[in-house]
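Note that the working numbering gives residue 9 to position 27 of the sequence shown, counting from 1, and the numbers run on in steps of one.
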Amino acid sequence: MSSHELGQLRAEIDDLDEQIIKLLGQRFIATGKVGVIKAAQSLEAIDPAREAAQAQRYSALAERYGVDVDLTQRLFRGVIDEVVANHRVIRENAS
């Protein structure tokens, strides 16, 4: 592999990383809206049934796309924990 090829691959990785971060931003905008609805309806920040269903979905997606299932679960656990924390803040600010 030449230095040029390495540089091209790294640029591709950088672009993919940017897309991932952009999608995370969009996801947090959507989950923020969910948080507002939950606060207005006095719903809990945590929805264990939804989280369990999503965990199964993430595992299936990871397997489909050849991504380590444990890695996928850890990544989304971090995302979900952040969403729950944001929902709690939204609820506190709505009170």
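Where a beta carbon is used, it is the ideal one built from N, C-alpha and C, also for glycine.
Pairwise C-alpha distance: residue j and residue i
{"i": "Ala31", "j": "Ala37", "result": "10 Å"}
{"i": "Lys4", "j": "Asp63", "result": "19 Å"}
{"i": "Gly17", "j": "Met(-17)", "result": "48 Å"}
Expected contact under 8 Å - CB spacing of residue i and residue j to nearest Å
{"i": "Ala12", "j": "Arg73", "result": "Not quite, the Cβ-Cβ distance comes to about 17 Å (not below 8 Å), so this is no contact."}
{"i": "Asp50", "j": "Ala42", "result": "About 14 Å; that fails the 8 Å criterion."}
{"i": "Val28", "j": "Val66", "result": "Residue identity check: residue 28 is Ile in the sequence provided, not Val. With 8 Å as the limit, Ile28 and Val66 qualify as a contact, their Cβ atoms being about 6 Å apart."}
Top-ranked residue by Cα proximity to residue i, from the options
{"i": "Tyr40", "options": "Lys15, Glu(-13), Leu57, Ile2", "result": "Leu57"}
{"i": "Ala35", "options": "Arg70, Arg59, His(-14)", "result": "Arg59"}
{"i": "Phe10", "options": "Val61, Gln55, Leu25", "result": "Val61"}
{"i": "Gln55", "options": "Glu33, Glu0, Ala76", "result": "Glu33"}
Buried versus exposed call for residue i [16 or more other C-beta atoms within 10 Å across all chains shown]
{"i": "His(-14)", "result": "exposed"}
As assigned by DSSP and simplified to three states, the class of residue i
{"i": "Asp29", "result": "coil"}
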